[in-house]
Each structure stands twice: as C-alpha cells, then as structure tokens.
Ligand SMILES: [Zn+2]
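Numbering (our numbering), first residue to last: 415 to 551.
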C-alpha cells in the first residue's frame with residue numbers, strides 16, 4: 415500500500431475502494447487529507463498512509479445555488495440547492511465535502527457542530543467509476 419504516491423489520484427483510488435486515506439508525516443506526525451507529499455507543518459517529505467474513520471463534525475457550510483456544470487447536470491441549481499461544508503474529522507484534519515441528508519433549502523436549520531459520518535457517493539461504473547466523499551448527520 416505504501417507504494418502509492420501521496421496525491422489526489424491515489425486518494426480517489428482509495429475512495430473507489432471505500433477507504434478514506436490520508437498522509438501522516440513520519441517526522442512530526444501531522445495528518446493531511448487529501449494526502450500531501452510534503453508535510454504542511456514541518457515540510458518533511460517522508461509520509462505514510464493512514465486510514466480515517468470518517469467521523470467528524472460540521473465546522474462551516476454553505477448552500478450552493480449556482481451549481482457548476484457537473485452538479486447542474488444532476489439537477490442542482492437555483493431551485494434545488496445543495497450543501498458543501500468543512501468537516502472537522504475526529505483525527506483533526508478538516509476536509510471540504512458535500513453534506514447530504516440535510517435540507518439545503520432551509521440552511522438556517524443546519525447547525526455547526528453537528529456530528530457527521532462519511533458516506534461514499536458513487537457515479538458511473540467499471541473503469542469510469544468515481545467515488546466522492548460526502549458526509550451526513
Ligand atoms: Zn511533518
């Protein structure tokens with residue numbers, strides 16, 4: 415497992431396998447998700463893979479009403495907004511992801527601090543399979 419490079423491509427591969435994998439600096443122990451080849455804390459370059467449990471809490475969020483083309487294709491937009499949030503994982507790092515299972519039309523009811531669990535969103539099949547990370551209460 416250690417031979418995979420610490421980049422977004424490996425991260426996506428692991429998501430396809432149902433794993434949330436980040437990098438851990440062997441020198442100072444700092445964690446990064448998505449994985450980074452260089453430590454954001456000490457600039458060290460010796461990393462190892464760590465699996466994240468997928469538990470966290472909502473640190474910030476926004477309701478998206480002007481959807482980028484791939485989301486617009488799925489029917490999101492002005493009349494059907496969706497939520498993107500910053501999730502603070504139990505292990506420490508913060509990750510930006512879609513928040514599902516909440517009412518995006520009533521964002522005032524969504525509370526910062528809400529405990530969340532990771533959910534894998536699948537698109538496509540076979541070699542075109544794409545998994546993205548989302549979180550839900
Ligand atoms: Zn470090």
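Think of the CB as a built atom: it goes at the ideal place given N, C-alpha and C, for glycine as much as any other residue. Every value quoted in this text rests on a predicted model; they were computed, and no experiment measured them.
- In the DSSP annotation of this structure, residue 481 is not part of any alpha helix (DSSP H), being labelled neither H nor E.
- Between the alpha carbons of residue 538 and residue 518 lies a gap of roughly 24 Å.
- The alpha helix (DSSP H) runs lying completely inside the stretch 432–489 and spanning 4 residues or more are 483–487, given in chain order.
- When secondary structure is reduced to three states using DSSP, residue 420 falls in the coil class, being assigned neither helix nor strand.
- Take residue 515, set aside five residues on each side of it, and the residues of its chain with a beta-carbon closer than 7 Å to its own are 550, 551, in chain order.
- One residue after another in chain order, those with a Cβ under 6 Å from a heavy atom of ligand 1 are 439, 441, 442, 444, 453, 455, 456, 458.
- Contact between the stretch 465–477 and the stretch 431–445 is present: three or more C-beta pairs spanning the two stretches fall below 8 Å.
- Taken through DSSP and simplified to helix, strand or coil, residue 533 comes out as strand.
- Comparing alpha carbon positions, the residue from 479, 455, 505 closest to residue 470 is 505.
- Sixteen is the threshold: since fewer than 16 other Cβ atoms of the shown chains lie within 10 Å of the Cβ of residue 455, the residue is exposed.
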